[in-house]
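Have a look at the structure below, then the notes.
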Amino acid sequence: MAASRADEPILEVRGLVKHFPLTKGILFKKQIGAVQAVDGIDLKLYKGETLGVVGESGCGKSTTARLLMRLDEPTAGQIFFHGEDIALLSGKAFKAVRRNIQIVLQDPYSSLNPRMTVGDIVAEPFRIHKGVVPKGNLRKNVQELLEVVGLNPEHIHRYPHQFSGGQRQRIGIARGLALRPEIIICDEPVSALDVSVQAQVINLFEKLQDELGLSYVFIAHDLSVVRHISDRVSVMYLGKVVETGDEEQIYERPTHPYTQALLSAVPVPDPTLRGQRDQIMLEGDVPSPANPPSGCRFRTRCWKVQDVCAKVEPELIVREGLDHPSACHFADIRHVIETRVAT
Amino acid sequence: MNQTNPADDARHKQDANAPVLEVEDLHVEFRTRDGVAKAVNGVSFDLRPGETLAILGESGSGKSVTAQAIMGILDTPPGYVTQGSVRFRGTDLLTLPEKERRRYRGEKISMIFQDALSSLNPVYSVGFQIGEMFRVHRGASRADAKKKAIELMDRVRIPAAHERVNDYPHQFSGGMRQRIMIAISLALDPDIIIADEPTTALDVTVQAQVMQLLADLQAESKMGLILITHDLGVVADVADKISVMYAGSLIEQAPIIPLYGSPAHPYTERLLAAIPRVDLKGQELYTIKGIPPNLTNIPTGCAFHPRCPYAQPICSEQVPPLQDVSEGRRSACHFWKETLDGSIQSR
């Protein structure tokens, strides 16, 4: 495989769409509509960086993760890994790509098979992708992996239930690392963990990235965690990317009303800021993705809404006077977070 | 049977600002096949009208069990309150017979649970479930109860309440379901609401709406609120004072501003340094090594000592008492002074 140049993304998504059909009837299933889980998104991931994807439940971020892994087939759109469309690959060629894109799942309780030992779980990728390590070295490799993620290599014969939540997440990470992938998709990897354990796992992700040069697609709903770990961030709402930029652009100069509302709603652990934050209170709930609003999907909850919002869907483009793409007709910078530099 | 202490009673009549709830030296244990899990070990706090107390802790710290013991909804067996008292306006609820206690539950103290979908009954309409409070406790007719349910749904700002009163829980979004839970807990105008992780399952924009609603309702009715949570961000926005729990014990109690500004217990200090903040750049995350202890086998001395960066030999030998730090502030650390002024050294 040709080494990628620094300015070329190792993973690129163009116009990715996933619609889940809604059907009626049992025998002659008639399609009556579709849940538009992901509706035309573009993403780019460069080597060694972390792309954060944030959004609330139902915005399509987990569907995106599944599509990137090709666990689901996209309805439309392309996913390029080193310039090669992975949707067109099959058989051996696809297996080779799979090896390089791995996933760490949210729930460390249900994503590990309770009847397999930790050694078997972590060695399973080697059994599927034969020839990565010689047979005799399997055990040694697994133990090395356990050590890398901070687990005791002696615990290779234990079962998942004998570990705590944070340790189980480490097992999941070891499994994801086994094949030395270039990309790890992290789907809410720290959401189920306690605060004191969450920090350990976040630091582990950062350490592994520094040491192994991994690229992460880090999907999460927690904006504080995403800011901490990401180089660039894409904000999703109802199956669309509404704003994208580097960490500083999104958090310090948000331009899309949804990003602004989302950021302003994040509680800050500092009681002296109480009542002083610019808090934008959104009305109502996220509309159903089976029947999204016309035009701009955020318009039903937006305080800037005009007639044009219902008629013309705003494109994700860099608008006049701004420095990063935003999908709003009236995009404008609003500081919602007073950022300080940690001492 | 009346457990009211006459002196206490007089005090409560005179002083509108006297605590509505006083929990003292509460101990709860679970007797399981694997041994006795000491879930709550000597927890004390009080709550005044209109005040918001946050009980902060990680999973397994005993915060929810404390709430269940106060409400009297502990699963017995295996859970038993072995010691302590829970006084509501001077009356010890733990000594009341179940029949009397029921009059307090819902009427004086009510509770909001984390998972609204599993707390609501899927086969009854939400109006029926809100109205149930009035039918059971007040003997209201079905028609009256429904009318009151609509009023309450309006009060918790559910749009088109009169149209939605006959809808079932699954027809509502997560945020709306939590509003229904709040409506049920508000129904009988309680003096205290205990909210157990009320927004943990919600998205952040919806969380902001629900917390705002709770704050508004509290301001209207002067009720006390006990917020049980693990989220230091939410606490900073709403609480007046905090009790931090670790392995079933209170380790620090303080008014909100000093606790965040200068923690007097290493656990609180480390916890604050371990959370990523949305308003901080280039922050290094400190970690607390290890994991919270198993409650059937709590470490000797200070329960936090195996994970504490400052632990000394005394920490594994003696249980640190909850000592007064300043007015309204207590810490259970042998070295609280050094932690407070930052002179403590890591091992």
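Going down the list, the sequences are from chains E and Y. Residue -12 is where the first sequence starts when you use our numbering, and the numbers rise one by one after that. Residue 83 is where the second sequence starts when you use our numbering, and the numbers rise one by one after that. Glycine included, each C-beta is placed from N, C-alpha and C at the ideal position. Because the structure is a prediction, the values reported are computed rather than measured.
Hey, would you say ILE308 (chain Y) sits closer than 8 Å to ALA277 (chain Y), going by beta carbons?
Sequence index remark: in the second sequence, residue 308 (chain Y) carries index 226 (1-based). Sequence index remark: in the second sequence, residue 277 (chain Y) carries index 195 (1-based). The answer is yes: Cβ separation under 8 Å.
By a C-beta neighbour count over all protein chains shown, 10 Å radius and 16 as the cutoff for buried, is ASN139 (chain E) buried or exposed?
Along the first sequence, read from residue 1 onward, the residue named residue 139 (chain E) stands at position 152. By the C-beta density criterion, ASN139 (chain E) is exposed, having fewer than 16 other C-beta atoms within 10 angstroms.
Taking ILE237 (chain E) as the reference, which of E:LEU166, E:LEU210 and E:GLY152 has the closest Cα?
One-based indexing of the first sequence puts residue 237 (chain E) at position 250. Selected option, being the one with the closest Cα: E:LEU210.
Jot down the residue ranges of each uninterrupted beta strand (DSSP E) in the stretch 302 to 355 of chain Y, minimum 3 residues, whole runs only, in chain order.
306 to 311, 323 to 328 and 331 to 337
Check each residue of the stretch 309 to 325 of chain E: if its Cβ is closer than 7 Å to any Cβ of chain Y, include it; give the result in chain order.
ILE324 and GLU325
Taking GLY47 (chain E) as the query, report the chain Y residues whose CB atoms sit under 7 Å from its CB, ordered along the chain.
As a first step, residue 47 (chain E) must be located in the first sequence, where it is residue number 60. Going along chain Y, no residue has its Cβ under 7 Å from GLY47 (chain E), so there is no contact; the nearest lies around 14 Å.
Within-8 Å CB hit, SER255 (chain Y) to chain E:
Taking the first residue of the second sequence as position 1, residue 255 (chain Y) is located at position 173. Interface residue, yes.
Would you mind working out which of Y:ILE191, Y:TYR368 and Y:ASP271 sits nearest VAL182 (chain E), comparing C-alpha positions?
Here residue 182 (chain E) refers to the residue found at position 195 of the first sequence. Nearest C-alpha to VAL182 (chain E): Y:TYR368.
For chain Y, is any of its Cβ atoms less than 8 Å away from the one on THR259 (chain E)?
As a position in the first sequence, residue 259 (chain E) is number 272, starting the count at 1. Taking Cβ atoms only, chain Y reaches closer than 8 Å to THR259 (chain E), which makes this a yes.
Residue span of the alpha helix (DSSP H) that contains MET223 (chain E), given as start and end
As a position in the first sequence, residue 223 (chain E) is number 236, starting the count at 1. From DSSP, MET223 (chain E) is part of no alpha helix (DSSP H) but of the beta strand (DSSP E) over 219 to 224.
Check whether chain Y comes within 8 Å of HIS243 (chain E), counting only Cβ atoms and requiring the distance to be less than that.
Counted from its first residue, the first sequence places residue 243 (chain E) at position 256. Contacts with chain Y at 8 Å (Cβ-Cβ) do not include HIS243 (chain E).
DSSP bridge partner residues for PRO95 (chain E) (one or two, in chain order)
Numbered from its first residue, the first sequence carries residue 95 (chain E) at position 108. Answer is none; PRO95 (chain E) lacks a bridge partner.
In whole angstroms, give me the CA-to-CA distance for PRO348 (chain Y) and THR421 (chain Y).
Counting from 1 along the second sequence, the entry for residue 348 (chain Y) is found at position 266. Counting from 1 along the second sequence, the entry for residue 421 (chain Y) is found at position 339. C-alpha separation (whole angstroms): 7 Å.
Length at least 3, wholly inside the stretch 144 to 181 of chain E: the beta strand (DSSP E) runs in chain order:
170 to 174
What in chain E is Cβ-close to HIS74 (chain Y), meaning under 9 Å?
Lying before the first or after the last residue shown, residue 74 (chain Y) is absent from chain Y, which here runs from 83 to 429.
Between ASP294 (chain E) and ASP197 (chain Y), what straight-line distance do the alpha-carbon atoms span, to the nearest angstrom?
Numbered from 1 along the first sequence, position 307 holds the residue referred to as residue 294 (chain E). Numbered from 1 along the second sequence, position 115 holds the residue referred to as residue 197 (chain Y). One C-alpha to the other measures close to 39 Å.
Could you check which residue in E:ARG264, E:THR287 and E:VAL229 has the C-alpha nearest to that of ALA318 (chain E)?
Stepping through the first sequence from its first residue, residue 318 (chain E) is reached at position 331. Measuring from the Cα of ALA318 (chain E), the nearest candidate turns out to be E:VAL229.
First and last residue of the uninterrupted alpha helix (DSSP H) at MET193 (chain Y):
Walking along the second sequence from the start, residue 193 (chain Y) turns up at place 111. First-last for MET193 (chain Y): 191 to 194, but that is the beta strand (DSSP E), not the alpha helix (DSSP H).
Contact list for PRO212 (chain E) against chain Y, beta-carbon separation under 7 Å
Taking the first residue of the first sequence as position 1, residue 212 (chain E) is located at position 225. One point to set straight first is that residue 212 (chain E) is Val, not Pro, in the sequence displayed. By Cβ distance, chain Y contributes PRO358.
Pick from Y:ALA385, Y:ARG389, Y:VAL316 and Y:ASP322: whose alpha carbon is nearest that of GLU435 (chain Y)?
Since the first residue of chain Y shown is 83 and the last is 429, residue 435 (chain Y) is not available in this structure.
Compare the C-beta of SER97 (chain E) with all C-beta atoms of chain Y and state if any pair is closer than 8 Å.
The count along the first sequence starts at 1 and reaches residue 97 (chain E) at position 110. No, because no Cβ of chain Y sits closer than 8 Å to the Cβ of SER97 (chain E).
If the cut-off is 9 Å on Cβ atoms, which residues from the stretch 127 to 155 of chain E count as contacting chain Y, listed in chain order?
SER151, GLY152, GLY153 and GLN154
Give me, in chain order, the residues of the same chain whose beta-carbon lies closer than 7 Å to that of GLY129 (chain Y); leave out the 5 immediate sequence neighbours on both sides.
In the second sequence, the residue the question calls residue 129 (chain Y) occupies position 47. Going by the sequence as given, residue 129 (chain Y) is Leu instead of Gly. Cβ neighbours of LEU129 (chain Y) beyond the five flanking positions: PRO101, VAL102, LEU103, LEU135, ILE274, GLY306 and ILE308.
Return the Cβ separation of VAL247 (chain Y) and LYS228 (chain Y) in integer angstroms, given the expectation that the two are a contact with Cβ distance under 8 Å.
Here residue 247 (chain Y) refers to the residue found at position 165 when the second sequence is read from its first residue. Here residue 228 (chain Y) refers to the residue found at position 146 when the second sequence is read from its first residue. At roughly 6 Å, the Cβ-Cβ gap stays under 8 Å, so VAL247 (chain Y) and LYS228 (chain Y) are in contact.
Distance, Cα to Cα, GLY172 (chain Y) vs ILE152 (chain Y)?
Position 90 of the second sequence, counted from the start, is the residue given in the question as residue 172 (chain Y). Position 70 of the second sequence, counted from the start, is the residue given in the question as residue 152 (chain Y). About 14 Å.
Under DSSP, the alpha helix (DSSP H) around PRO8 (chain E) begins and ends at which residues?
Mapped onto the first sequence, residue 8 (chain E) falls at position 21. Not the alpha helix (DSSP H): PRO8 (chain E) falls in the beta strand (DSSP E), residues -2 to 11.
Is there at least one Cβ from chain Y nearer than 8 Å to ALA161 (chain E)'s Cβ?
Your numbering for residue 161 (chain E) matches position 174 in the first sequence. For ALA161 (chain E), the answer is no, since every Cβ of chain Y falls outside 8 Å of its Cβ.
Who are the neighbours of GLN196 (chain Y) on chain E, taking C-beta pairs under 8 Å?
Taking the first residue of the second sequence as 1, we reach residue 196 (chain Y) at position 114. Those within 8 Å of GLN196 (chain Y) in chain E number zero; the least Cβ separation is about 14 Å.
Contacts around TYR328 (chain Y), its chain only, beta-carbon distance under 7 Å, and the 5 residues preceding and following it disregarded:
Numbered from 1 along the second sequence, position 246 holds the residue referred to as residue 328 (chain Y). Take TYR328 (chain Y), set aside five residues on each side of it, and the residues of its chain with a beta-carbon closer than 7 Å to its own are GLY139, SER143, TYR349, ALA385 and PHE386, in chain order.
Can you name the residues of chain Y whose CB is closer than 7 Å to the CB of SER44 (chain E)?
The residue labelled residue 44 (chain E) in the question sits at position 57 within the first sequence. Neighbours of SER44 (chain E) on chain Y, chain order: ASP285.
So which of Y:ASP319, Y:PHE112, Y:SER126 and Y:ALA297 has the shortest CA-CA distance to SER413 (chain Y)?
Residue mapping note: residue 413 (chain Y) aligns to position 331 of the second sequence, counting from 1. The shortest Cα separation from SER413 (chain Y) among Y:ASP319, Y:PHE112, Y:SER126 and Y:ALA297 belongs to Y:SER126.
Looking only at its chain, what residues have a beta carbon closer than 7 Å to the beta carbon of GLU134 (chain E), apart from the 5 residues adjacent to it on each side?
Within the first sequence, the letter at position 147 stands for residue 134 (chain E). Closer than 7 Å at Cβ, skipping near neighbours: PRO140.
What first and last residue would you give for the alpha helix (DSSP H) that runs through GLU111 (chain E)?
Here residue 111 (chain E) refers to the residue found at position 124 when the first sequence is read from its first residue. Looking at the DSSP string, the run of the alpha helix (DSSP H) that includes GLU111 (chain E) is 105 to 115.
Under 8 Å, do LEU3 (chain E) and GLN89 (chain E) count as touching if we go by C-beta distance?
As a working note, residue 3 (chain E) is residue 16 in the first sequence. As a working note, residue 89 (chain E) is residue 102 in the first sequence. The answer is no: Cβ separation not under 8 Å.
Taking contact to mean 3 or more Cβ pairs, one atom from each stretch, closer than 8 Å, check whether the stretch 183 to 199 of chain E and the stretch 231 to 247 of chain E are in contact.
Between the stretch 183 to 199 of chain E and the stretch 231 to 247 of chain E, the count of C-beta pairs closer than 8 Å stays below three; the two stretches do not touch.
DSSP three-state assignment for HIS215 (chain E), whether helix, strand or coil:
By 1-based counting over the first sequence, the position of residue 215 (chain E) is 228. Reduced to three states, the DSSP call for HIS215 (chain E) is helix.
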